[in-house]
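Remarks on the structure that follows.
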Amino acid sequence: DAGITQSPRHKVTETGTPVTLRCHQTENHRYMYWYRQDPGHGLRLIHYSYGVKDTDKGEVSDGYSVSRSKTEDFLLTLESATSSQTSVYFCATSRLLETQYFGPGTRLLVL
Amino acid sequence: AQSVTQLGSHVSVSEGALVLLRCNYSSSVPPYLFWYVQYPNQGLQLLLKYTSAATLVKGINGFEAEFKKSETSFHLTKPSAHMSDAAEYFCAVSAIGAGGYQKVTFGTGTKLQVIP
């Protein structure tokens, strides 16, 4: 199995607070992705990275920012959490046009 | 631009019956196509992928999918459903975007229920 970990695995936070989720990989994959999964919407891309310090927006990027200072780590920050950001967040990595490998997910509840 | 449409958010089959999960895609460039499976409280795992070689692709657990360019389809099938196949299935399309970087788009998923 690809070595992809996410932390924390579960988080409860309050509206208005900043939250950072971490994705760590040991596969040396160039591409990294953050998705959110909500019932009826499947997986929606928040942001992705195509290299260190190279990131771009996905389809639901409002309210989120990312950073990638090392190949291994991709951070997702909710700048000021809202209840609509309650979701399950998945990180994934891949090589170009190859299979995506997914982390175990982070369940975030914003009260 | 690229997109994926999965017909049927829920599909129920009897154990031993044929499984057919539908996926249609659109892509302005030759796509790579994937089927992933997600079991409860887990991340997604690859079932199979099409990468412009054989149009009939065999995956794990007895699943297969056929790439039909004329129909822009990549339907997932399994001849005989097993209880352990109950999960959510996602179709995805991957292609090189305008900036020369990979873009991946997922369908909304189909939950498969297997009835004993």
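Chains as they are written, first to last, in our numbering: chain B, 2 to 112; chain X, 16 to 131. All residues carry an ideal CB built from backbone N, CA and C; glycine is no exception. Since we're looking at a predicted model, the values are computed, not measured.
*Could you give the residue range of the beta strand (DSSP E) that holds X/Asn39?*
Counting along the chain, the beta strand (DSSP E) containing X/Asn39 begins and ends at 34 to 42.
_Sheet register partners of B/Met33 (DSSP bridge)_ = Answer by DSSP bridge pairing, in chain order: B/Ser50, B/Thr94.
*asked:* Rounding to the nearest angstrom, what Cα-Cα distance links B/Lys58 and X/Thr120 in this structure?
replied: Computed Cα separation, rounded: 13 Å.
*What is the DSSP secondary structure of B/Gln1, reduced to helix, strand or coil?*
Nothing can be reported for residue 1 of chain B: it is not among the residues displayed for chain B, which extend from 2 to 112.
*Can you tell me the Cβ-Cβ gap for X/Phe82 and X/Leu35, rounded? I've got them flagged as a contact below 8 Å.*
Not confirmed; about 15 Å, so no contact.
*Chain-ordered residues of the region 19 to 30 of chain B with a beta carbon less than 8 Å from chain X*: Residues passing the 8 Å Cβ filter: none.
_X/Gln57 - DSSP class collapsed to helix/strand/coil_ = Coil.
*Is any beta-carbon of chain X found at less than 8 Å from that of B/His48?*
Not closer than 8 Å to any Cβ of chain X, the Cβ of B/His48 fails to qualify, so no.
*Contact list for the region 63 to 79 of chain X against chain B, Cβ threshold 8 Å*: Answer set for the region 63 to 79 of chain X: Lys64, Thr66.
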